[in-house]
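Listed in order, the protein sequences are those of chains A and B. According to full-length UniProt numbering, the first sequence is numbered sequentially starting from 1. According to full-length UniProt numbering, the second sequence is numbered sequentially starting from 1. Accompanying notes for the structure given below.
2 protein chains.
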Amino acid sequence: MNIENAQIQMRKGILEFCILHIISRGEVYATNMLEELTAAHMMVVEGTLYPILTRLKNAGLVEYKWVESPSGPPRKYYSLTPTGFESLDKLRETWHELATSTNQIINHTQLTGQS
Amino acid sequence: MNIENAQIQMRKGILEFCILHIISRGEVYATNMLEELTAAHMMVVEGTLYPILTRLKNAGLVEYKWVESPSGPPRKYYSLTPTGFESLDKLRETWHELATSTNQIINHTQLTGQS
DNA sequence: CCTAGTACCTTGTATAACAGAGTACCTTCT
DNA sequence: AGAAGGTACTCTGTTATACAAGGTACTAGG
Numbered sequence: 001m002n003i004e005n006a007q008i009q010m011r012k013g014i015l016e017f018c019i020l021h022i023i024s025r026g027e028v029y030a031t032n033m034l035e036e037l038t039a040a041h042m043m044v045v046e047g048t049l050y051p052i053l054t055r056l057k058n059a060g061l062v063e064y065k066w067v068e069s070p071s072g073p074p075r076k077y078y079s080l081t082p083t084g085f086e087s088l089d090k091l092r093e094t095w096h097e098l099a100t101s102t103n104q105i106i107n108h109t110q111l112t113g114q115s
Numbered sequence: 001m002n003i004e005n006a007q008i009q010m011r012k013g014i015l016e017f018c019i020l021h022i023i024s025r026g027e028v029y030a031t032n033m034l035e036e037l038t039a040a041h042m043m044v045v046e047g048t049l050y051p052i053l054t055r056l057k058n059a060g061l062v063e064y065k066w067v068e069s070p071s072g073p074p075r076k077y078y079s080l081t082p083t084g085f086e087s088l089d090k091l092r093e094t095w096h097e098l099a100t101s102t103n104q105i106i107n108h109t110q111l112t113g114q115s
């Protein structure tokens with residue numbers, strides 16, 4: 001119940017960061033991203049991914065171009081804008097700080113947890 | 001704008017986890033926690049912490065007892081229940097998995113990012 | 001009394017993920 | 001042609017959450 005929720009919350013915060021990272025590697029479209037995120041055990045579904053992509057585009061962090069598919073409807077291939085790369089750097093920094101802070105709190109536990 | 005939001009989102013997900021950790025170390029009351037979280041650079045305010053504590057209590061993860069203060073109103077000293085410790089273990093596991101997945105995605109970038 | 005400080009609580013608002021249903025395009029088969 | 005099935009993108013409604021801001025209550029000191 002509550003714990004699953006907390007686990008979901010953890011993932012949430014990192015999602016945008018991971019998505020930006022994936023796009024930064026090269027042009028991809030939504031289904032590619034879903035595959036990568038699933039492979040990395042970040043359970044994400046369409047209904048979550050698409051709104052994020054729209055948000056990132058409106059914020060000017062990503063852009064896309066339509067590309068014909070060899071089979072099926074055309075695809076939106078996303079890439080990072082210069083602003084997007086800057087933002088990614090900031091988020092990377094935040095991630096490291098956060099990981100450090102968290103590990104600090106966690107390790108603290110084990111030290112003082114011993115009576 | 002958008003980036004600050006993403007940074008806030010990252011912190012959010014880890015908050016409950018950190019709070020449980022802090023409580024697991026020994027009995028503390030809200031102001032103690034705020035100090036610790038601030039020291040670890042997790043910006044949290046009262047209006048965020050109290051609802052979380054209430055939620056954790058309703059979920060049966062923490063319990064508290066009133067203790068008189070040497071100066072001022074009485075304090076609620078929180079401690080973890082057995083269920084709380086179990087949940088903490090699960091969250092710790094989730095945290096490690098998530099950190100691993102994220103680092104996997106990040107490192108992937110740097111490898112393929114080199115042209 | 002009255003003020004100041006500490007501790008806890010509550011209400012309203014904005015944001016975000018998710019489920020689920022929907023639209024549009026392309027290919028293949030009859 | 002027309003129908004069926006798959007792929008890709010979109011939208012709406014629900015729920016959960018952090019945060020800001022204001023509020024209540026208890027204690028100590030002038």
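Cβ coordinates follow ideal geometry from the N, Cα and C atoms, glycine included.
Please classify residue i as buried or exposed, where buried requires at least 16 other C-beta atoms within 10 Å of its C-beta.
i: GLU16/A; result: buried
i: VAL62/B; result: buried
i: VAL45/A; result: exposed
i: ILE19/A; result: buried
i: ILE8/B; result: exposed
i: GLY47/B; result: exposed
i: SER87/B; result: buried
Would you say residue i and residue j are within 8 Å of each other, going by their C-beta atoms?
i: TRP95/B; j: MET42/A; result: no
i: GLU27/A; j: SER71/A; result: no
i: LEU56/B; j: ALA30/B; result: no
i: ALA99/B; j: ALA39/A; result: no
i: ILE3/A; j: LYS12/B; result: no
i: ILE23/B; j: ILE22/A; result: no
i: PRO73/A; j: VAL67/A; result: no
Determine the chain A residues that contact residue i at a beta-carbon separation under 9 Å, and present them in chain order.
i: THR48/B; result: Per Cβ cutoff of 9 Å: no residues; THR48/B is ~13 Å from chain A at best.
Going along chain A in order, which residues have a C-beta closer than 8 Å to the C-beta of residue i?
i: ALA99/B; result: ALA99
i: LYS12/B; result: GLN9, LYS12, GLY13
For residue i and residue j, what's the separation of their Cα atoms in angstroms?
i: GLY113/A; j: GLU35/A; result: Residue placement at GLY113/A is flagged as unreliable, the pLDDT there being 41, under the threshold of 50; the coordinate-derived value follows with that caveat. Cα-Cα distance, rounded: 41 Å.
i: GLY60/A; j: PRO82/A; result: 9 Å
i: ASN5/B; j: TYR64/B; result: 33 Å
i: MET1/A; j: PHE85/B; result: Caution is warranted here: a pLDDT of 44 is assigned to MET1/A, below 50, making its placement in the model unreliable, and the coordinate value is therefore given only provisionally. When rounded, the distance between both Cα atoms is 15 Å.
i: MET33/A; j: TYR77/A; result: 11 Å
i: ILE14/A; j: SER69/A; result: 30 Å
i: GLU97/A; j: LEU37/B; result: 13 Å
i: SER101/A; j: ASN107/A; result: 10 Å
i: residue 117/B; j: ASN103/A; result: In this structure chain B extends from 1 to 115, so residue 117/B is not present and cannot be described.
i: residue 133/B; j: PRO51/B; result: Lying before the first or after the last residue shown, residue 133/B is absent from chain B, which here runs from 1 to 115.
i: LEU49/B; j: ARG25/A; result: 38 Å
By the criterion of Cβ-Cβ separation under 7 Å, what are the contact partners of residue i in chain B?
i: ALA40/A; result: SER101, GLN104, ILE105
i: ALA6/A; result: GLU16, PHE17, LEU91
Under 9 Å between beta-carbons, which chain B residues line up against residue i? List them in chain order, please.
i: ALA52/A; result: Residue 52/A is actually Ile in this sequence, not Ala. In chain order: nothing, as chain B lies at least about 10 Å away.
**Prompt:** If contact means a Cβ-Cβ distance below 8 Å, which residues of the stretch 80-97 of chain A contact chain B?
**Reply:** SER87, LYS90, LEU91, ARG92, THR94, TRP95, GLU97
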